[in-house]
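Residue numbers (this note's numbering), protein chains in the order written: chain A, 1 to 545; chain B, 546 to 860.
Cβ coordinates follow ideal geometry from the N, Cα and C atoms, glycine included.
Worksheet: the structure to be examined is printed underneath.
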Amino acid sequence: MDNSATSPPGASPRLALRGICKSFPGVLVNDHVDLTVEAGEIHALLGENGAGKSTLMKIVHGVLAADSGTMTWEGRPVRITSPAEARRLGIGMVFQHFALFDSLTVAENVALGLEGGGSVARLRDRIRAVSDGYGLALEPDRHVHELSMGERQRVEIVRCLLGDPKLIILDEPTSVLTPKEALALFAVLRRLRDEGRSVLYISHKLDEIRALCDRASVLRGGRRVATVDPRAETARSLARMMIGSDPPDLTDRADTAAEAARPLLEVDTLSLDSDDPYGTDLHEISLSVRPGEILGIAGVAGNGQNQLMRALSGERLLARAGAIRIAGRPVADLGPGPRRALGMAVVPEERLGQGAVPELSLAENALLSAWRHGGLVKGGLVRGRHTHGFARTVMSTFNVIAHGSDAEARSLSGGNLQKFIIGREILQDPQVLVAAHPTWGVDAGSAAAIHQALVTLRDRGAAVLVISQDLDELYVLSDRIAVIAGGHLSESRPTHAVTAEDMGVMMGGMMGGLTTGGLFEAAPTGRRPTVGGQETGHEDTGHEV
Amino acid sequence: MDALAHGDWIIGLGALLVAMIRAATPLALAAIGELVAEKSGVLNLGVEGMMLVGAVAAFATMVASGSLPLAVLAAMLAAMLMALLFGVLTLTLMANQVATGLALTIFGVGLSAFIGKGFIGIPIDGLAPLSVPGLTDIPLLGPVLFGQDVLVYASLALTLAVSLVLYRTRAGLIIRAVGENHAAAHAIGYPVIGIRYLCVLFGGAMAGLAGAYLSLVYTPMWVETMTSGRGWIALALVVFATWKPGRVLLGAYLFGGVTIIQFHAQGAGLAVSPHVLSMLPYLATILVLVLISRDSVKIRLNAPACLGKVFRSET
């Protein structure tokens, strides 16, 4: 399977890793990893959560030091001990959780990423030049907190490009983008490759990798198990390499005849002023979810999802109790506790802080939301054995990798913690489940397991509301889909009656402010980018289900 | 009062203004230093302790050497040692900043009392105000603009310098970035801990200067706990001024002004409880600063998001 070396014989690869090992207390994260990246290629690094991708990239970028192993850069052995040194060699990184400073301007953020000085005024011109040249529209004087996720990513990319890097590392770059923004990003990356730069592309989205990358190295359990040409593989065969076995399939939807039943969750013309200075107000949101039905709400982050979640979960109370009803009962003036007692479960947006208390163990975190169920508490006292048993059931059912139910929540990787939080809520067998971004940052195998659990819950007759940016996910799961943009929610439509292109236009279009999405398109040097062009389906990012 | 000639009235007002500025200067010095430390993300509640150690070091050096510049330098160095201790505990050993800062103040109170035991009641010649022939004699404006001591001018220059460095230079940009998001600053290659050490040491030096002002200029003598809470006021000023140097200065002068006015009101035998009058500077300062900083978005833009958070780099 190992067919590396696409460069002409004799030329040294841009970056070669040999036998990289890295362990954290109790875990071997990278186990003798070899990896070769050539000049002018887009190389995918593929793997499940906890496979060691991010750790390996942190070693390349100088944030972490490897325990053993060697690195060569264009034929010369190097030791990279700091990000500044990586930058001097020509290695740039676009982080998954952006390394940006909210209260500073775009120009200031870029200045921080560059060696040496130069006035901010001159930098402004350079930013404009690069952003125009690559079609990455940016306003140097805007503050980062005002920008959409896609725009923030452009800041990181422009900051990276101003250092004229030879190798650019992107960590799950499309997780925050609309489909259209993702296509535009791919065009930029292809252009960088054609200029002779190397791109290391970390992702677990298999279709993307097949559409974009020249080679793919697969990590599993800290080892590199294969390097392949992803275009010669299927999503299924890649998934098999990642997981080590065949990925589970979703059972066919049971198509429960939910039409007649009374809705379990209803929202009636809910308007809400945001309590966050950077938040989006909600305007007359109405929706209903019947038993045995999954309603998907699509939208780019920052369009009111978090206020809607706060209203639904009971974190924010409303004076008009009837604005939200569970099984017909007005609950909008009730806090999270009474709502849970009525059979509602919630998977919030933030894993650490909202979904789990970082410093508490998994068992304690399980207890915090599940104490009403399964006899975890008796006579006012916590039953430790039951609690740990429940936590362990969640862990085994949802394949959570951690050192037992005593592990602190913050010690888990993001994807693993997400699996734990979702599992904890689903195993309480709720009547109504509201889940925000259920598979954000979760690998393919586990995502399929989470999807299966949501479908099973629905088939048992629960009403499920899923808020997500991931259209593929909503297509797989939802019976009906609605779009949230600028605090307005569209009418919901049956999933089969909406195309991905419709959705993309609605997600970007309803709010008007996102026209920059159009500027993000492939624009050869010198040509002004087209605005809002209909760029549908010129890339194969087909929605495999 | 009507017996006073017109000229006496002018002289009285001039003296009042001079007194207000002198009361405000130590607050401004200490608060500007703490502002820099906080902008880099470190909350040092030990300002009071650092000021006291600075004050006693200045006084002792003055008595021993008779040199004012040496005394000021000694105050800054002594307070920087205190700040270094705070830095080692919170930045290197990652102790909790709030608890360590409180401990630093308690330590400073004890240490300064211990060192200062032999210096109680000794008189010194304090720092004299400037006297520019011709200019200082101008009625009212003369003493206010040209008749201050050199540390007053230094405090104004330092405020301006801090403002320029923070908002106009690359070094200031890096300091703000470290305070805003230390993980990101680390990820793009800045030595977070080293930068914070420098800012904490600067805060210490300024607190030492403020202490020196108290024991050399304001009341040229040594009295135990002679800072009487000014370190805490300086801390509060930083927050109420929403981390802006200009507003810190404004707050300090406001506080100094009302302090002096209420002294005079008490002296004039106003029929209000002296305790109520003593509250006035605090109330007035808080009220004004709360009013000018109502905009929550602006506060969030100025407040260092990583303030008080321990930075732990992965290894």
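- A722/B belongs to the set of residues whose beta carbon lies under 7 Å from a beta carbon in chain A.
- Shown here for S12/A: same chain residues with a beta carbon closer than 6 Å to its own, the five before and five after excluded, namely E74 and G75 in chain order.
- With at least 16 other beta carbons inside 10 angstroms of its own, V37/A counts as buried.
- By the criterion of at least three beta-carbon pairs nearer than 8 Å, the segment 214 to 223 of chain A is in contact with the segment 41 to 50 of chain A.
- Ranked by Cα distance from I556/B, the first of P684/B, V581/B, T570/B and L672/B is P684/B.
- Under the 8 Å Cβ criterion, the segment 661 to 668 of chain B counts as touching the segment 601 to 613 of chain B, having at least three qualifying pairs.
- Residue pairing of M344/A in beta bridges, as defined by DSSP: V432/A.
- Flagged as an interface residue toward chain B: G113/A, by a C-beta distance shorter than 7 Å.
- Along the segment 790 to 813 of chain B, none of the residues has a CB nearer than 7 Å to a CB of chain A.
- By the Cβ criterion, the segment 270 to 284 of chain A is not in contact with the segment 445 to 455 of chain A, since fewer than three pairs of Cβ atoms, one from each stretch, lie closer than 8 Å.
- Shown here for Q96/A: same chain residues with a beta carbon closer than 6 Å to its own, the five before and five after excluded, namely D171 and E172 in chain order.
- Not a single C-beta of chain A is nearer than 7 Å to the C-beta of A786/B.
- Rounded to whole angstroms, the gap between the alpha carbons of I660/B and W767/B is 11 Å.
- Around the beta carbon of M506/A, 16 or more other beta carbons lie within 10 angstroms, which makes this residue buried.
- The three-state reading of DSSP puts D67/A in coil, since its state is none of H, G, I, E or B.
- For G853/B, no beta strand (DSSP E) run applies, since DSSP gives it neither H nor E.
- Taking the beta carbon of A99/A as reference, the chain B residues within 7 Å of it are A729, A732 and I733, listed in sequence order.
- In the DSSP secondary-structure assignment, Y134/A is not bridged to any residue.
- No Cβ-Cβ contact shorter than 7 Å links I738/B with L638/B.
- With contact defined as three or more Cβ pairs closer than 8 Å, the segment 404 to 419 of chain A and the segment 48 to 58 of chain A are in contact.
- Contact note: F420/A does not reach chain B at a C-beta cutoff of 9 Å; the least C-beta distance is about 22 Å.
- Rounded to the nearest angstrom, the gap between the Cα atoms of V689/B and I805/B is 15 Å.
- A distance below 7 Å between beta-carbons, with the five flanking residues on each side excluded, links L35/A to the following residues of its chain, in chain order: L17, S217 and R224.
- Cβ neighbours of D406/A within its own chain (closer than 6 Å, five residues either side excluded): S361.
- Around R87/A, the beta-carbon contacts reaching into chain B at under 9 Å are I733 and G734.
- Collapsing the DSSP output to three states places T772/B in coil.
- When the beta-carbon positions are compared, A848/B and G749/B stay at least 7 Å from each other.
- The straight-line gap separating the alpha-carbon atoms of F98/A and M503/A is approximately 26 Å.
- Taking 7 Å as the cut-off, the Cβ atoms of T387/A and L367/A count as close.
- In the structure shown, E233/A adopts coil according to DSSP, grouped into three states.
- V33/A is the residue among L15/A, V33/A and R14/A whose C-alpha sits nearest the C-alpha of K22/A.
- The beta carbons of G414/A and F398/A sit no closer together than 7 Å.
- According to the DSSP assignment, K22/A belongs to the beta strand (DSSP E) that extends over L15 to F24.
- When DSSP states are grouped into helix, strand and coil, R329/A belongs to the strand group.
- The criterion of a C-beta distance shorter than 7 Å is satisfied by L138/A and R154/A.
- Secondary-structure assignment with DSSP links V27/A through a beta bridge to F24/A.
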